[in-house]
Amino acid sequence: LALGLAGAPLSEQLLDAVHRGQLPSTFELLRFTADLDAPPGERFVPIWKAFLEKRGHGAFQATYKTWHTWEQLALPELFGNSSAQNATQAAWLEALRVAHPGAFAELTALSKTLQQSATTGGDNPAPLFEVPALASLISIYPLTLIATKNGTDTIPSACTSTLVRRADGSLLHGRSLDYEPRDPMAESTVAIEFQRRGRLEYRCLYTLPYVTALQWFTCVRPGAFSLSVNARGQGIQTEHNTSFSELLRRVQVPGALLLGEVAELAMQASSFEGALAVLTTSPVVSSNYFILAGADKRGAIVTRFGNSSSADVWAIGDPSDDKIEDGQPSWMRVQTNVDHWVPFASGAYATHRRQGAIDLLADRGQQAMGEQALLDVYFTTHARAGSQNRTAPEDTGVILRPSTIATLVMDPTSKDPASATTSWHVWKTSPNILPPQPVLAPATAAVSSESFGRAVPIVV
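Position 310, counted from 1, in the sequence shown is what the working numbering calls 314; the numbers after and before it change by one each time, with no gaps.
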C-alpha cells in the first residue's frame, strides 16, 4: 500500500477566524492511500502503523474507554458485570465471525496492531484492544440502539448533513461529523484515498477507531456522487427495546449489512443511481440516514428502518421547482437526527438544529450558495434564537458544536485533486456554543418553523 502524510491548507479567511478566536483550531489533516484489492485484514495495517508512529495509541484508548463506560450504563444487563460482559462480547464476536467475515478480519488486524503499539510503547497491552472487547466497542451504535433509553437524546451526539442546489443546478454536500468522545476521535480522524490498481475510486474522511463495517462514512466518488451517514435513534421502527438475542439473529441474517457495509457497497457503485439502489434495497441491521448527492444534479435523503423492510426516499427538488416540502425549500435538504416529516413544533431532539440550518441557508439564499457560503453555515457557533435553553440534551440550533469532530463540504462534480480536501476541517479544540445573535427579519416566511408540514414518505 502506498501512503503519505500531508496537511490540507487552510484558507486565509479560516486562519484569520481561528486566530481571532471565532473558530477552534484545526488538526493537520493526515492523508493516506488504501488498496481496495488488498484483503480487509491487510488493507488498513500500513495506515494504522503510520498513524500510531505519528500520534500514538492514546486516542484509540481514550475513545474505547469512553465507549466501554457507555455500554455499561446503557446496557447493564449485558455489560454490567464481568460475567455478563464476557458472554456478550463472545456472542457478538462469534456473530461477526460467522456473518461478517470482512469486519472480523479487519478488527482482528486492528487489535493486533494496537496491542503491538501498546507493548512497544512500554505499556501493558490494553484490555480494550483485545479482540472480544474491541468487537463490541466498535459496534457501540447498533448495540446501544437496542437500549430502552433513546441514545440520540443524550450521548453520543450526532451529525448534520445538507444538500444544496447552486444557481447552476449542481449540488454541494455539507457535513458536520459529530460523535463522542470528541477530542480523541478528532485526533484519530484522517483522509483516505481508496484506490484500485493505482487508480482513485473514492475519497473518505475516516475515524480510525472504527472498522469499515461500523464506520460513519463521509465519502466522495469524484465526478459521480458523495455520501454521508447520520445516526437515527428515534422515530418509528427503531431498534429500541429489541432483545440482544433478537439483535444477534438480525445481524446473522444472510445478506444483512451493518451501516458501514451498506455505505461501502454504495461507494463501489459508479453512479448516483447505482448508489441509491444500494442504499434503498440492501437489508440493514440498524436504522440510519444516508445522504446522497449526485454529479448529475440529483440528490436524496434515504431513511432506513432497522427492521430492513423499507426505505423512505426524500429527493431534493428539481431546479425549476419552488415548492416547500416539510418546511424546506426545494433547493435544500437538511438532515440531522430526526425524521424529515417530524415537525419543528413536536420539540423532538434535533428539530432545532435542523431549523437553525434551514434558517441560515435561507438567509443566504440559493443564488449566493457556493462552497464558502455553505461552510459559513456550518461554522455557526451561535445558538438559534429561541433554542438557546435546549441544553439537556443539547439542541440549541448550533451546527459547530462541542461534539463536532469535523466540518467539510463535498462537491461531487469536482475531479480536481488539488482542491479535493481544502474544505475538510478536523477540529483540534472543542467548539463552544455562543449566545444567539440579534434576531433579523426572516429571509422568507416560507421556511419559518410555523410552515413545517408533513409529507407522506415514499416507501420503496
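Idealized CB from N, CA, C, for every residue including glycine.
> How long is the line joining the alpha carbons of Ala469 and Glu75, rounded to whole angstroms?
Replying inline: There is simply no residue 469 to check, as the chain begins at 5 and stops at 464 in what is shown.
> Are the beta-carbon atoms belonging to Ile437 and Thr164 less than 8 Å from one another?
Replying inline: Taking the first residue of the sequence shown as 1, we reach residue 437 at position 433. Taking the first residue of the sequence shown as 1, we reach residue 164 at position 160. For Ile437 and Thr164, no; Cβs fall outside 8 Å.
> Any idea if Gly173 is buried or exposed, counting beta-carbon neighbours within 10 angstroms, 16 or more meaning buried?
Replying inline: Stepping through the sequence shown from its first residue, residue 173 is reached at position 169. Gly173 should be labelled exposed.
>> Just verifying my parser: in three-state terms, what is the DSSP assignment at Ala99?
In response: Residue numbering aside, residue 99 sits at position 95 when the sequence shown is read from its first letter. Ala99: helix per DSSP, three-state reduction.
>> Do Glu191 and Ala63 have their beta-carbon atoms positioned less than 8 Å apart in this structure?
In response: Within the sequence shown, residue 63 is the residue found at index 59, counting from 1. Within the sequence shown, residue 191 is the residue found at index 187, counting from 1. In this structure, Ala63 places its C-beta atom within 8 Å of the C-beta atom of Glu191.
> With 16 as the cutoff for other CB atoms within 10 Å, does Gln26 come out buried or exposed?
Replying inline: The residue given as residue 26 occupies position 22 in the sequence shown. A residue is called buried when at least 16 other Cβ atoms come within 10 angstroms of its Cβ; Gln26 does not meet this threshold and is exposed.
> From Ser86 to Glu98, what does the alpha carbon distance come to, in whole angstroms?
Replying inline: Indexing the sequence shown from 1 puts residue 86 at position 82. Indexing the sequence shown from 1 puts residue 98 at position 94. Within the model, the alpha-carbon separation for Ser86 versus Glu98 is close to 18 Å.
> Mind checking whether Thr117 and Trp52 have CB atoms under 8 Å apart?
Replying inline: To locate residue 117, count along the sequence shown from 1; it is residue 113. To locate residue 52, count along the sequence shown from 1; it is residue 48. For Thr117 and Trp52, yes; Cβs fall inside 8 Å.
> Contact check, Tyr68 vs Leu141 under 8 Å by CB: the rounded distance?
Replying inline: For the purposes of this step, residue 68 is identified with residue 64 of the sequence shown, where counting begins at 1. For the purposes of this step, residue 141 is identified with residue 137 of the sequence shown, where counting begins at 1. Going by Cβ atoms, the distance from Tyr68 to Leu141 rounds to 5 Å, so yes, they are a contact pair.
> What residue from Val168, Glu398, His429 and His344 has the CA that sits closest to Gln371's CA?
Replying inline: Counted from its first residue, the sequence shown places residue 371 at position 367. Per the Cα distances, Val168.
>> Within the continuous alpha helix (DSSP H) that includes Phe83, where are the two ends?
In response: For the purposes of this step, residue 83 is taken as the residue at position 79 of the sequence shown. Boundaries of the alpha helix (DSSP H) harbouring Phe83: Pro80 to Phe83, taken from the DSSP string.
> Can you tell me where the beta strand (DSSP E) with Thr166 in it begins and where it stops?
Replying inline: Within the sequence shown, numbered from 1, the residue matching residue 166 stands at position 162. Note, Thr166: beta strand (DSSP E), Thr164 to Arg169.
> Nearest CA to the CA of Ala270: which residue from Cys208, Ser324, Leu138 and Arg201?
Replying inline: As a first step, residue 270 is located in the sequence shown; it is residue number 266 there, counting from the start. Ranking Cys208, Ser324, Leu138 and Arg201 by Cα distance to Ala270 puts Cys208 first.
>> DSSP three-state label for Ile51, please.
In response: Within the sequence shown, residue 51 is the residue found at index 47, counting from 1. Correct three-state label for Ile51: helix.
>> One question on the structure: do Val413 and Leu379 come within less than 8 Å of each other, judged by their Cβ atoms?
In response: As a position in the sequence shown, residue 413 is number 409, starting the count at 1. As a position in the sequence shown, residue 379 is number 375, starting the count at 1. In this structure, the beta-carbon distance from Val413 to Leu379 falls below 8 Å.
> What's the gap between the Cα of Asp420 and the Cα of Leu204?
Replying inline: Start at 1 with the first residue of the sequence shown, and residue 420 comes out as number 416. Start at 1 with the first residue of the sequence shown, and residue 204 comes out as number 200. Distance between the alpha carbons of Asp420 and Leu204 is about 12 Å.
> Does the Cβ of Asn393 have 16 or more other Cβ atoms within 10 Å, making it buried, or fewer, making it exposed?
Replying inline: For the purposes of this step, residue 393 is identified with residue 389 of the sequence shown, where counting begins at 1. Asn393 comes out exposed.
> Of the choices Gly298, Ser230 and Ala217, whose alpha-carbon is the least far from that of Thr206?
Replying inline: Numbered from 1 along the sequence shown, position 202 holds the residue referred to as residue 206. According to the sequence as given, residue 206 is Tyr; it is not Thr. Nearest to Tyr206 by alpha-carbon distance, out of Gly298, Ser230 and Ala217, is Ser230.
> Unbroken beta strand (DSSP E) runs of length 3 or more, entirely within the stretch 193-272: which are they?
Replying inline: Within the stretch 193-272, the complete beta strand (DSSP E) runs of at least 3 residues are 193-200, 203-211, 222-225 and 229-235.
> How big is the Cα-Cα spacing for Val355 and Ala235?
Replying inline: Here residue 355 corresponds to residue number 351 of the sequence shown, with the count starting at 1. Here residue 235 corresponds to residue number 231 of the sequence shown, with the count starting at 1. The sequence shown places Thr at residue 355, rather than the Val named in the question. The C-alpha of Ala235 is placed about 14 Å away from the C-alpha of Thr355.
> To which residues of the same chain is Ile409 closer than 8 Å at the C-beta, ignoring the five residues directly before and after it?
Replying inline: Indexing the sequence shown from 1 puts residue 409 at position 405. Hits under 8 Å: Leu181, Asp182, Tyr183, Arg186, Met189, Ala190, Thr193, Thr211, Val430 and Trp431.
> What is the rounded straight-line gap between the Cα of Arg170 and the Cα of Trp335?
Replying inline: Position 166 of the sequence shown, counted from the start, is the residue given in the question as residue 170. Position 331 of the sequence shown, counted from the start, is the residue given in the question as residue 335. Across the structure, Arg170 and Trp335 are spaced so that their CA atoms are roughly 8 Å apart.
>> My assumption, with CB atoms under 8 Å, is that Leu364 sits in contact with Thr384. Please give the rounded CB distance.
In response: Taking the first residue of the sequence shown as position 1, residue 364 is located at position 360. Taking the first residue of the sequence shown as position 1, residue 384 is located at position 380. Confirmed, Cβ separation roughly 6 Å.
>> Is it buried or exposed, Gly155, if we count other Cβ atoms within 10 angstroms and call 16 or more buried?
In response: Working through the sequence shown from its first residue, we reach residue 155 at position 151. Low per-residue confidence applies at Gly155: pLDDT is 47, beneath 50, and the placement is therefore not dependable, though the value from the model is reported in the following sentence. Buried, because 16 or more other Cβ atoms sit within 10 Å of the Cβ of Gly155.
> Taking contact to mean at least 3 C-beta pairs separated by less than 8 Å, is the stretch 247-257 in contact with the stretch 142-150?
Replying inline: Contact between the stretch 247-257 and the stretch 142-150 is established, with three or more Cβ pairs separated by less than 8 Å.
> Starting from Phe294 and walking both ways along the alpha helix (DSSP H), at which residues does that stretch end?
Replying inline: Your numbering for residue 294 matches position 290 in the sequence shown. No alpha helix (DSSP H) contains Phe294, which is instead part of the beta strand (DSSP E) from Asn292 to Gly298.
> For the candidate residues Ile240, Leu252, Val135 and Pro146, whose alpha-carbon lies nearest to that of Trp220?
Replying inline: Position 216 of the sequence shown, counted from the first residue, corresponds to residue 220. Out of Ile240, Leu252, Val135 and Pro146, the CA that lies nearest to the CA of Trp220 is found in Pro146.
> Between the C-alpha atoms of Leu111 and Gly331, what's the straight-line distance to the nearest angstrom?
Replying inline: Sequence index remark: in the sequence shown, residue 111 carries index 107 (1-based). Sequence index remark: in the sequence shown, residue 331 carries index 327 (1-based). Approximately 42 Å between the Cα atoms of the pair.
> Does the separation of the CB atoms of Leu252 and Ser290 fall below 8 Å?
Replying inline: As a first step, residue 252 is located in the sequence shown; it is residue number 248 there, counting from the start. As a first step, residue 290 is located in the sequence shown; it is residue number 286 there, counting from the start. No, the pair does not count as a contact, with Cβ atoms beyond the cut-off.
> Thinking just about the alpha-carbon of each residue, which of Phe36, Asp300, Glu268 and Ser423 is nearest to the one in Thr222?
Replying inline: Position 218 of the sequence shown, counting from 1, holds the residue named residue 222. Closest option to Thr222, Cα to Cα, is Glu268.
> Leaving out the 5 sequence neighbours to the left and right, which residues in its chain are closer than 6 Å to Asp157 when beta-carbon positions are compared?
Replying inline: The residue you call residue 157 lines up with position 153 of the sequence shown. At Asp157, the pLDDT of 48 sits below 50, so the modelled position is not reliable and the matter cannot be decided from this model.
> By a C-beta neighbour count over all protein chains shown, 10 Å radius and 16 as the cutoff for buried, is Pro422 buried or exposed?
Replying inline: Walking along the sequence shown from the start, residue 422 turns up at place 418. In the sequence under discussion, the amino acid at residue 422 is Ala, which differs from the Pro named in the question. Counting other Cβ atoms within 10 Å of its Cβ, Ala422 stays below 16 and is therefore classed as exposed.
>> Am I right that Ala228 and Ser286 are in contact with their C-beta atoms under 8 Å? What's the rounded C-beta distance?
In response: Counted from its first residue, the sequence shown places residue 228 at position 224. Counted from its first residue, the sequence shown places residue 286 at position 282. The C-beta distance from Ala228 to Ser286 rounds to 18 Å, too long to fall under 8 Å, and the pair is not in contact.
> By a C-beta neighbour count over all protein chains shown, 10 Å radius and 16 as the cutoff for buried, is Ile362 buried or exposed?
Replying inline: Within the sequence shown, numbered from 1, the residue matching residue 362 stands at position 358. Under this definition Ile362 is a buried residue.
> Do you know offhand how far Ala88's Cα is from Ala137's?
Replying inline: What you label residue 88 is simply residue 84 of the sequence shown in a count that begins at 1. What you label residue 137 is simply residue 133 of the sequence shown in a count that begins at 1. Computed Cα separation, rounded: 12 Å.
> Are the CB atoms of Trp428 and Ala195 nearer to each other than 8 Å?
Replying inline: For the purposes of this step, residue 428 is taken as residue 424 along the sequence shown, with counting starting at 1. For the purposes of this step, residue 195 is taken as residue 191 along the sequence shown, with counting starting at 1. For Trp428 and Ala195, yes; Cβs fall inside 8 Å.
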